[in-house]
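In this note's numbering, the protein residues as written are 1 to 520.
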């Protein structure tokens, strides 16, 4: 399986059967990343200044195909993206002087990296050796714990790369806990916390939209209705990340879109979908290579450089059990936070109708399905029990009124569903490898120890999505699957480091570890 980077317009004879990631770099003034599903993997579309993008990409390319004028500095950066033994192909003879300046020579129709005098130039932001992981053996099955939307997407992403996946869940079918609502929204709420959070959520939402578009679901299970984000959101429409996506609307225009009276300005996002998570999960599980093992305990035990799950041995295992991940000894140091949310269900009476699109403010409401209206959600911080809490329904009714509902449901006629989600301190998910202990990892980083002993062998995680799992779990699954397979991760370097499960240890290396022995 070859990872290729293509710079410039493709020419006849360039590879067409992309087996991993196709990366198109087009020079522009601003960086932009977009991951889309591809029939044989993923397609990562990238634009931006060449040097900046090369600093953010990982050095994991097998081939680089070039059809663009380059400077010597750009040649240096591109050469650093190659794996050992990788090849560069260039169709531009005028680049020969630039390659010579970069210490590379022309051989037939490709450039082959040669040893140059002096130290080899390094691309800024390059991964350290301790992060280089050997790709796992595709002849051995991989276990995925948890069959919520994160676990299902992870199983599908791994199976798409040729792995045999055993998907475990204690329930009798997928999406029975935090992902179990009748309607979920694929949405992006502009983030004010950090630019990295905004970038990740935007890229993840685009990927989820494209993945959902490929599914064969009925109109009862998915809908592309658009979204109204109510209220004042200064600067969002002019943010380069969102420019051209959000359309500012007056209250009158927003009312026309909603089919409900809206008394405040809004932002309109045209391409926005809702979906029945369980139905979508069942579609994703049709991917060949997935074996579902329901009614099985999601417990693991360390055993001889691997893991036992239900008395079966695995060398590679991905934890996707949401807030229940905190019950596993291997994950207790990751500090996931429980958030309980109650979603209300209301059977519409004759003459009543739901909105024509998704509406979001402090709460949300979706278009009605089969005469049912779904709205919410309450927010119970540090509540680790999926049950109705006092004032949940009253809270949701207040939010529904704020969203402009022209009728007031009777609280006694409401039903609903509670779910407990796993959140993180910075709202970004926890992805990738899990350390033996954060202290051990921090100590090895402080001493620049380029060894693998700080990681728990073959143990990965995809968790901490909070209330945005439908939008962020699919891309996160692709990121983890690429790490397991030893492929380029479909994120910029900045986003990759920002979503690492052990990012706290990376930010705060310590001089002395409190523990260095044993596995958790």
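Even for Gly, the Cβ is constructed at its ideal location relative to N, Cα and C. Small disclaimer: the values here were computed from a predicted structure and weren't measured.
With a cut-off of 8 Å on the beta carbons, I'd call residue i and residue j a contact; round off their distance for me.
i	j	result
residue 246	residue 267	4 Å
residue 336	residue 472	Incorrect: roughly 15 Å between the Cβ atoms, too far for contact.
residue 138	residue 163	6 Å
residue 183	residue 366	5 Å
residue 188	residue 319	At roughly 26 Å, the Cβ-Cβ gap does not stay under 8 Å, so residue 188 and residue 319 are not in contact.
residue 159	residue 287	5 Å
residue 170	residue 296	7 Å
Using alpha carbons as the reference points, say which of the options lies closest to residue i.
i	options	result
residue 240	208, 195, 211	195
residue 380	373, 392, 374, 372	392
residue 279	173, 421, 489, 394	173
residue 254	94, 304, 273, 226	226
residue 394	403, 378, 386	378
residue 69	95, 54, 48	95
residue 372	286, 396, 344, 358	344
residue 413	405, 421, 401, 397	397
residue 323	385, 55, 457, 97	385
residue 143	356, 197, 321	321
residue 488	48, 49, 51, 63	63
residue 208	161, 178, 149, 218	149
residue 66	73, 92, 51	92
residue 431	499, 177, 458, 486	499
residue 98	71, 422, 328	71
residue 290	161, 166, 478	166
residue 151	259, 304, 474, 306	474
residue 218	277, 73, 171, 340	277
residue 333	4, 505, 51	505
residue 342	459, 355, 359, 387	387
Residue i by DSSP, collapsed to three states: which one?
i	result
residue 236	coil
residue 412	helix
residue 312	strand
residue 423	strand
residue 19	A caution first: residue 19 carries a pLDDT of 47, below 50, which makes its placement in the model unreliable, though a value can still be read off. It is coil, neither helix nor strand.
residue 202	helix
residue 500	strand
residue 174	coil
residue 207	helix
residue 94	helix
residue 248	strand
residue 418	strand
residue 438	helix
residue 344	strand
residue 353	coil
residue 62	strand
residue 288	coil
residue 334	helix
residue 266	strand
residue 160	helix
residue 489	coil
Using a 10 Å radius around the Cβ and a threshold of 16 neighbouring Cβ atoms, would you call residue i buried or exposed?
i	result
residue 362	exposed
residue 252	exposed
residue 492	buried
residue 438	buried
residue 90	buried
residue 410	exposed
residue 502	buried
residue 79	buried
residue 199	buried
residue 181	buried
residue 243	exposed
residue 4	buried
residue 222	buried
Taking the C-alpha atoms as reference points, what is the distance between residue i and residue j?
i	j	result
residue 210	residue 314	32 Å
residue 350	residue 205	35 Å
residue 275	residue 281	10 Å
residue 141	residue 156	13 Å
residue 490	residue 146	23 Å
residue 403	residue 257	13 Å
residue 406	residue 55	53 Å
residue 419	residue 299	21 Å
residue 382	residue 469	18 Å
residue 480	residue 495	13 Å
residue 435	residue 175	28 Å
residue 285	residue 230	36 Å
residue 483	residue 220	36 Å
residue 376	residue 301	38 Å
residue 154	residue 308	19 Å
residue 73	residue 8	17 Å
residue 303	residue 75	46 Å
At the 7 Å Cβ level, is residue i part of the contact set with chain C, yes or no?
i	result
residue 350	Any reference to chain C falls outside this structure, which holds one protein chain only.
Verify the contact flag: residue i, CB atom, against every heavy atom of the ligand GDP, threshold strictly below 6 Å.
i	result
residue 89	In terms of ligand content, the structure shown is empty, and the ligand GDP therefore cannot be addressed.
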